[in-house]
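K.L.:
Structure provided below as structure tokens; questions to follow.
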Amino acid sequence: MKIRAGLTEPQGLRFCLLVFLSSIFFFVNACKEGSEAKISVSPMAEFDPQESTFICWTPTFQEISLKLIQEIAEVDHVTLFYNQRNQQPEELQKLFKQRKINLKNVTLAPFKLEKDNIWIRDYGPIIMQDEEGYQEMVSFHYHHEENQEYNLFSEQYATKMRIPFMRSGMFSAGGGREINGKGSIILIEGHEKYINPDLSLEEIENEYKQQLNQKNVIWLKKGIPQDDLFDNGPVIDNIYGNGVHWHVDEFCRFADAQTILLAQVDPADLALDPFYQVVHERLEESYQILKNARDQDGKPFKIIRVPQAPIIFDQGNYNGQPIFYTPVTSYLNFVLTNNLVVIPAYYNPGDPDFIRQKDEQARKAFHEVFKSRKVVMINATELNYSGGGLHCITMHKPKVEKRSKLRLKFNSALKRLKG
1 MKIRAGLTEP QGLRFCLLVF LSSIFFFVNA CKEGSEAKIS VSPMAEFDPQ ESTFICWTPT
61 FQEISLKLIQ EIAEVDHVTL FYNQRNQQPE ELQKLFKQRK INLKNVTLAP FKLEKDNIWI
121 RDYGPIIMQD EEGYQEMVSF HYHHEENQEY NLFSEQYATK MRIPFMRSGM FSAGGGREIN
181 GKGSIILIEG HEKYINPDLS LEEIENEYKQ QLNQKNVIWL KKGIPQDDLF DNGPVIDNIY
241 GNGVHWHVDE FCRFADAQTI LLAQVDPADL ALDPFYQVVH ERLEESYQIL KNARDQDGKP
301 FKIIRVPQAP IIFDQGNYNG QPIFYTPVTS YLNFVLTNNL VVIPAYYNPG DPDFIRQKDE
361 QARKAFHEVF KSRKVVMINA TELNYSGGGL HCITMHKPKV EKRSKLRLKF NSALKRLKG
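The following block contains the structure:
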């Protein structure tokens, strides 16, 4: 006897059972999204175990990308996204072999958009998971006017990985938020209001709580002046910032769920230029807020001060007048992997010795904080001139410690039916 769609009766029974199991699977997951499991799904912190470090290839920043990939791939995994419209995997692999990069720890992941965009931290996917390994992906609206197509990046990745995908209509950048993985998030008022002018701080806070399951929001006022928007005018005298208007990852980061790293101006540097005083005042304002802040459980944070990186004053021209501007230099714009902490370096042969000393101070500070990780330093000035840093060109993929029992049973049933 034949049944509809040309299946034999045993095949038809298997097919019906498969559909039945699929229905249960998706029904239970839908219930999870709408009830208790939805509450428990949250983003993992960067210091938690990782499966891979995401990097998006852009030929403009080829050298610094290769250095970063080479360092990470020696001990940890890298997922390198490449734009199929503009790059060929064979050419990338050729480059990797020339640099003797550990290819066993590099996975090439294609996507397809018009332009290249290295700043994956700001538009990249936020992978959430619960204690059973159930995953979903959240994406906010990307603020960069020239790269609006990258609002599609996370959707393409979610489709490829078959992860449930949700999008918030609010603007947000990965560099603008810092989470501890336990329910606390650090945001900057000036930045959030700049990219969401039609929303109140309360509305912005509620959206982060809802989309990222954050219980505790800590609001700082301003970022460092190097990160001021150029178009906002001079910070002091004729010195302009050259940033994106105050990303928190330029001066304040979680080292673990209870520890916050915050930049600090060396008192001796205050005599170098009045600009350092502005940096100092903003950092100390943030320190006072963080000192009085509490975590999601009502406990105070441990705050560790890290040296403020040397400030670079470069010459420019604006409206026919000579000016100075400051690339966004920072040691806090670092990358964490399972075995490494990769921090920016600023000293080059021939530079003043105080810059070398600053790098050494930073290395020691990070070694003390991340004792189980190797400290690696990479010159990031090229990125600083474009308003970003090493952290801005990476995104972490959390490691799934425990797969969902429901999914394991469902996959097992599928194998039996197909076999």
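When we follow full-length UniProt numbering, the leftmost residue of the sequence shown carries the number 1, and every step to the right adds one.
For glycine and all other residues, C-beta sits at the position ideal for the given N, C-alpha and C.
A quick note: this is a predicted structure, and the numbers were derived from the prediction, not measured.
#1: Considering only residues of the region 221-252, which uninterrupted beta strand (DSSP E) runs meet the minimum length of 3 residues and lie entirely inside it, listed in chain order?
#2: Name the DSSP bridge partner or partners of PHE47?
#3: Give the single residue among ASN216, ILE185, LEU220, GLY183 whose Cα lies nearest to the Cα of LYS193.
#4: Excluding the five sequence neighbours on either side, which residues of its own chain have a C-beta within less than 7 Å of the C-beta of GLU207, listed in chain order?
#5: So what does DSSP say about SER35, is it helix, strand or coil?
#6: By Cβ distance below 6 Å, which residues in the same chain neighbour MET377 in space, the five residues on each side in sequence not counted?
#7: With a threshold of 8 Å between beta carbons, is ASN216 in contact with chain C?
#8: By DSSP's criteria, ARG294 is part of a beta bridge. Which residues make up the other side?
#9: Fully enclosed by the region 43-90, which beta strand (DSSP E) runs are 3 residues long or longer?
#10: Out of GLY133, GLN296, LEU261, point me to the one whose CA is closest to ASN213's CA.
#11: Looking only at its own chain, which residues have a Cβ that is under 6 Å from the Cβ of SER286, when we skip the five neighbours before and after it?
#12: Who are the near neighbours of HIS280 in its chain, counting only those whose CB is closer than 7 Å to its CB and skipping five residues on each side?
#13: Classify ASP237: buried if its beta carbon has 16 or more other beta carbons within 10 angstroms, exposed otherwise.
#14: DSSP has LEU340 in a bridge; who is on the other side?
#15: Could you pull the start and end residues of the beta strand (DSSP E) that GLN361 belongs to?
#16: Going by CA-CA distance only, name the one from GLN98, ILE195, GLY124 that's closest to PHE165.
#17: Looking at ASN242 and PHE230, is the spacing between their C-beta atoms short of 8 Å?
#18: Measuring straight from C-alpha to C-alpha, what distance separates VAL78 and THR159?
#19: How far does the alpha helix (DSSP H) with GLY124 in it extend, from its first residue to its last?
#20: Can you look up GLY181 in the DSSP assignment and give me helix, strand or coil?
#21: Roughly how many angstroms lie between the CA atoms of ALA380 and GLY389, to the nearest whole one?
#22: What is the C-beta distance between GLN226 and PRO327, in whole angstroms, given that I count them as a contact (C-beta under 8 Å)?
#23: Determine the direct distance from the alpha carbon of VAL248 to that of LEU283, and round the result to whole angstroms.
#24: Within 10 Å of its beta-carbon, does ARG162 have 16 or more other beta-carbons around it, so buried, or fewer, so exposed?
#25: Is it the case that the region 357-376 contacts the region 105-115, given that we only count it when at least three CB pairs across the two stretches are under 8 Å?
#26: Classify CYS282 as helix, strand or coil using the three-state DSSP reduction.
#27: DSSP on GLN211, reduced to helix/strand/coil?
#28: Between which two residues does the alpha helix (DSSP H) carrying LEU383 extend?
#29: Using only the alpha-carbon positions, how far apart do GLY176 and THR259 sit?
#30: Quick check: what's the CA-CA separation for GLN321 versus LEU68?
#31: Is the region 90-104 touching the region 125-145 in the sense that three or more CB pairs, one from each, lie closer than 8 Å?
#32: Using 8 Å as the threshold, is the region 184-199 in touch with the region 46-64, meaning 3 or more CB pairs across them?
#33: Suppose contacts are defined by Cβ-Cβ distances below 8 Å. Is ILE120 in contact with PHE54 by that definition?
#34: Just the C-alpha distance for ASP353 and VAL400, rounded to the nearest angstrom, thanks.
#35: From TRP57 to ILE118, what does the alpha carbon distance come to, in whole angstroms?
P.N.:
In short, the structure shows the following:
#1: 234-236, 239-241
#2: Answer is none; PHE47 lacks a bridge partner.
#3: LEU220
#4: SER168, MET170
#5: With a pLDDT of 40 at SER35, under the threshold of 50, the modelled position of that residue is not reliable, and the figure given next carries that caveat. If DSSP states are grouped into helix, strand and coil, SER35 belongs with coil.
#6: ILE343, ALA345
#7: This model lacks chain C altogether; it includes just one protein chain.
#8: PRO300
#9: 50-56, 78-83
#10: GLN296
#11: LEU220
#12: VAL265, LEU270
#13: exposed
#14: LYS374
#15: That residue, GLN361, is in no beta strand (DSSP E); its alpha helix (DSSP H) goes 353-369.
#16: GLY124
#17: yes
#18: 20 Å
#19: No alpha helix (DSSP H) holds GLY124; DSSP gives it neither H nor E.
#20: coil
#21: 6 Å
#22: 7 Å
#23: 11 Å
#24: exposed
#25: no
#26: Note on identity: in this sequence residue 282 is Arg, with Cys being the wrong assignment. It is helical.
#27: helix
#28: 381-384
#29: 18 Å
#30: 38 Å
#31: no
#32: no
#33: yes
#34: 45 Å
#35: 6 Å
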